[in-house]
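In our numbering, each residue's number is its place in the sequence shown (first place is 1) plus 4. Glycine residues also receive a C-beta, built at the ideal position from the N, C-alpha and C atoms.
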Amino acid sequence: MEEKKPVALPENAHRELKPGEEYVPLLDPHKKYAEATPYSVALGILMVILFSAAAAYLGLKVGQVFEAAIPIAIIAVGLTGAIGIKQGIPQNVIIQSIGGCSGAVVAGAIFTLPAIYILGVEVGFWQMVLSSLLGGVLGILILIPFRKYFVKEMHGKYPFPEATATTQVLISGESGGSSAKTLITAGLIGGLYDFCVATFGTWAETISTTVMGWGAVVADKAKVVLKMNTGAAVLGLGYIIGLKYSFIICCGSLLVWLVIIPLMNLICGADAIDLMGTGITTTVGQMAPEEIFKTYARHIGIGGIATAGIIGIVKSFGVIKSAAGLAVSEFKRKGGASDAKPLRTEEDLPMKTIVFGVVIALLAIFAFFAFGGVVENVWQALVGLIIVAVVSFLFTTVAANAIAIVGSNPVSGMTLMTLIIASLILVAVGLKGNTGMAAALIIGGVVCTALSVAGSFITDLKIGYWIGSTPKVQERWKFLGVAVSAVTVCGVMLVLNKTYGFTGDNALVAPQANAMAAVIQPMFSGGGAPWLLYGIGAAIALVLNFCKVPALPFALGMFIPIDLNLPLLVGGAISWFVSTRSKDAAVNSARMEKGTLITSGFIAGGALMGVVSAILKFANVDLYLSDWAANYGEAVAIIPFIGIIAYMIYASMKTEK
Numbered sequence: 005m006e007e008k009k010p011v012a013l014p015e016n017a018h019r020e021l022k023p024g025e026e027y028v029p030l031l032d033p034h035k036k037y038a039e040a041t042p043y044s045v046a047l048g049i050l051m052v053i054l055f056s057a058a059a060a061y062l063g064l065k066v067g068q069v070f071e072a073a074i075p076i077a078i079i080a081v082g083l084t085g086a087i088g089i090k091q092g093i094p095q096n097v098i099i100q101s102i103g104g105c106s107g108a109v110v111a112g113a114i115f116t117l118p119a120i121y122i123l124g125v126e127v128g129f130w131q132m133v134l135s136s137l138l139g140g141v142l143g144i145l146i147l148i149p150f151r152k153y154f155v156k157e158m159h160g161k162y163p164f165p166e167a168t169a170t171t172q173v174l175i176s177g178e179s180g181g182s183s184a185k186t187l188i189t190a191g192l193i194g195g196l197y198d199f200c201v202a203t204f205g206t207w208a209e210t211i212s213t214t215v216m217g218w219g220a221v222v223a224d225k226a227k228v229v230l231k232m233n234t235g236a237a238v239l240g241l242g243y244i245i246g247l248k249y250s251f252i253i254c255c256g257s258l259l260v261w262l263v264i265i266p267l268m269n270l271i272c273g274a275d276a277i278d279l280m281g282t283g284i285t286t287t288v289g290q291m292a293p294e295e296i297f298k299t300y301a302r303h304i305g306i307g308g309i310a311t312a313g314i315i316g317i318v319k320s321f322g323v324i325k326s327a328a329g330l331a332v333s334e335f336k337r338k339g340g341a342s343d344a345k346p347l348r349t350e351e352d353l354p355m356k357t358i359v360f361g362v363v364i365a366l367l368a369i370f371a372f373f374a375f376g377g378v379v380e381n382v383w384q385a386l387v388g389l390i391i392v393a394v395v396s397f398l399f400t401t402v403a404a405n406a407i408a409i410v411g412s413n414p415v416s417g418m419t420l421m422t423l424i425i426a427s428l429i430l431v432a433v434g435l436k437g438n439t440g441m442a443a444a445l446i447i448g449g450v451v452c453t454a455l456s457v458a459g460s461f462i463t464d465l466k467i468g469y470w471i472g473s474t475p476k477v478q479e480r481w482k483f484l485g486v487a488v489s490a491v492t493v494c495g496v497m498l499v500l501n502k503t504y505g506f507t508g509d510n511a512l513v514a515p516q517a518n519a520m521a522a523v524i525q526p527m528f529s530g531g532g533a534p535w536l537l538y539g540i541g542a543a544i545a546l547v548l549n550f551c552k553v554p555a556l557p558f559a560l561g562m563f564i565p566i567d568l569n570l571p572l573l574v575g576g577a578i579s580w581f582v583s584t585r586s587k588d589a590a591v592n593s594a595r596m597e598k599g600t601l602i603t604s605g606f607i608a609g610g611a612l613m614g615v616v617s618a619i620l621k622f623a624n625v626d627l628y629l630s631d632w633a634a635n636y637g638e639a640v641a642i643i644p645f646i647g648i649i650a651y652m653i654y655a656s657m658k659t660e661k
């Protein structure tokens, strides 16, 4: 049996390039490879159907959408190797890219559309499908002109944690050898570690200062609490993100949890503050710190994210201008033999196709709103179209930026902002009651899916850039993945509503959709929005920008719960430690790469076992040790957490060359 040759990304794959230096991908840009074949497309479609259904169920059941890209990459590598497919890695990229649409479309759909059932408004199945489909198509089209900026011009400046882990899976599976062994070993350790937590409750997924008596008192009286997720996958994510961004993210979190929440309790503890007209009667002092975060402080993060996004748009005006200039020049150019053909790895869909595609997509959205029973008249349809076009364009780059930095898309926060803006505008143009709420949710669904798909797609394109795939091939087949996923997700949602329902006893939780419903219902009944909190977030982002501190990761820290942010800092500290201990730069680089491989295994194993846990939950197999977890879970959790940190450091430091 022929032994596989070692395969690895070039040394400059994850660092900034020196002046005059170029990145040369794994696959030769001057050669053609089998990418979109009947095998890769068929398997990609199968993956998108299976994982769309699984992710939709889990997301609606517990409020968490697992990222499907890594499990799909693992399956693709395994099947391709078992069958003996030649030129497997370029085909595996396409399988992963098509299949990865599942997580993106699911997030876009389940954050908004279940609120239709929760509020009791009437929306048809195909209206929901079109909401997801048109939003996904728009997100792809708007993102493509920014591909070169994010994946090439910003090479080495963004960590791309999820893309890094997925690429390691694809490459290690292709090469075998020590890299594959390291990845598999780490995947088994990380997967079993997270599986023990999620399925058995062997130890707590989150440890908190409230586990100690004094911590519970401080949390109750002063509203000060710290929490940390003990998962191997989250720890691995922090390693790939690095110390710089992890520290900035945690600073945002600590500002909210150690300053803003306690300060609100100190100043407004005796008051019941109802900023949105939702009927809040509980005083701030009666709320737990977590409730204060969800009700008030998180909105500060939303305001910060929105403002940081606008700042980013202003700063990247040159990129937008160049993309627009390219579109104009391509329309003017007649073409001919004299036109230099770009390298295969630089070929995007033609700009003419993108521009016409955006126009057609917007016209289809307008027709959908006007004649699909979404709004009452053409004027309202035009208003809805403007909301979709402006918000999608502004925040698509924000979503891509967030994914590139932390591997997490703040799509729910941006969608919440969209729903509030859309509701205010729709009320102003005469839409009220159930019709208005349905219209706001459909519009929100289009925007949410556009942002979610755009954020997910930049990950696929970065994977393709590192490996050397053809961008236009990825771009073409992404549309198919979005279409299949939209139909699958909405079909699953319809079945789940009939089987379990979203209201009443034993109903599906759908936490994000319930939050969206709670926000827009008062808007169509004379309520308002928490503009004060958004304004505070905006002010913080402006101050950070003035001080030259990256505002987006800081605002993400304010928005994402602290238990998911603190382990990022631990992982970032580990990456700094293992990459700075030697006086030999080559040794430090080798250790850093070994650690990246290990943490990619953690993320891959955690993602794969997340799917297994979802299947067990779907089959109503309950293995959770409730009594043990309640009594000893948090106390025990610190031991395996320290153990997995020690393993990361030890295994990484063993590398000497």
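Runs of the alpha helix (DSSP H) spanning 4 or more residues and lying entirely within the region 175-217 occur at 181-199, in chain order. Secondary structure at Asn549: helix, using DSSP grouped into helix, strand and coil. Take the alpha-carbon of Pro557 and the one of Tyr249: they are about 7 Å apart. Counting the other CB atoms within 10 Å of its CB gives His159 a total of 16 or more, which places it among the buried residues. With contacts defined as CB atoms closer than 7 Å, Val433 and Val392 fail to qualify as a contacting pair. According to the DSSP assignment, Met232 belongs to the beta strand (DSSP E) that extends over Lys231 to Asn233.
Counting only the Cα atoms, Leu142 lies some 15 Å from Phe373. In this structure, the CA atom of Lys552 is about 43 Å from the CA atom of Lys35. Excluding its 5 nearest sequence neighbours in each direction, Ala365 has C-beta neighbours in its own chain below 7 Å: Leu138, Val141, Leu142 and Leu145, listed in chain order. Note on geometry: alpha-carbon atoms of Pro554 and His18 lie some 20 Å from one another.
If you draw a 10 Å sphere on the C-beta of Lys90, you find fewer than 16 other C-beta atoms in it, and that means exposed. Between Ser56 and Val133, the C-beta gap is not smaller than 7 Å, which leaves the two residues out of contact. For Ser583, there is no enclosing alpha helix (DSSP H), as DSSP gives it neither H nor E. Excluding five sequence positions before and after Gly194, the CB atoms of its chain that fall closer than 8 Å to its own CB belong to Ala236, Ala237, Gly240, Gly605, Phe606, Ile607, Ala608, Gly609, Gly610 and Ile648, given in chain order.
When the Cα atoms are used, Thr210 and Pro571 turn out to be separated by approximately 10 Å.
Per DSSP, reduced to three states, the secondary structure at Leu347 is coil, with no helix or strand assignment. Contact fails between the region 277-292 and the region 242-257, because fewer than three Cβ pairs, one in each stretch, are under 8 Å apart. Gly541 places its beta carbon less than 7 Å from that of Gly307. One alpha carbon belongs to Ser460, the other to Ser106, and they sit about 10 Å apart. In this structure Ser136 does not touch Ile446 by the C-beta definition: roughly 10 Å separates them, more than the 8 Å allowed. Assigned with DSSP and collapsed to three states, Thr474 falls in coil, not helix or strand.
CA-to-CA, the gap between Phe563 and Met232 works out to about 15 Å. Across the set Ser583, Thr311, Pro475 and Gly576, the C-alpha of Thr311 shows the shortest separation from the C-alpha of Asn549. Following the DSSP letters along the chain, one finds Tyr636 inside the alpha helix (DSSP H) bounded by residues Ser630 to Met657.
In this structure, Val547 lies away from Ser656, with their beta-carbon atoms at least 7 Å apart. Rounded to whole angstroms, the separation of the alpha carbons of Arg585 and Ala72 is 35 Å. Proximity to Phe251 across Tyr628, Ala442 and Leu568 peaks at Leu568, based on C-alpha coordinates. Ranked by Cα distance from Arg151, the first of Ala444, Tyr469, Gln172 and Arg348 is Tyr469. Within the same chain, and ignoring the five residues on either side of Val288 in sequence, the residues whose Cβ sits closer than 7 Å to its Cβ are Met268, Asn269, Cys272, Gly273, Asp275, Ile277 and Ile296.
Nearest to Glu39 by C-alpha distance, out of Ala589, Val457, Lys436 and Thr349, is Thr349. Residue environment: Leu435 is assigned as buried (16 or more neighbouring CB atoms within 10 Å of its CB, all protein chains considered). Two segments are said to touch when three or more pairs of C-beta atoms, one from each, lie closer than 8 Å; by this definition the region 390-404 touches the region 421-430.
Pairing Arg480 with Gly576, the inter-Cα distance amounts to about 36 Å. In terms of Cβ geometry, Ala633 and Gly205 form a close pair [threshold 7 Å].
For Val81, the enclosing alpha helix (DSSP H) covers residues Ala73 to Ile87.
By the CB criterion at 7 Å, Ser257 and Gly561 fall inside the cutoff.
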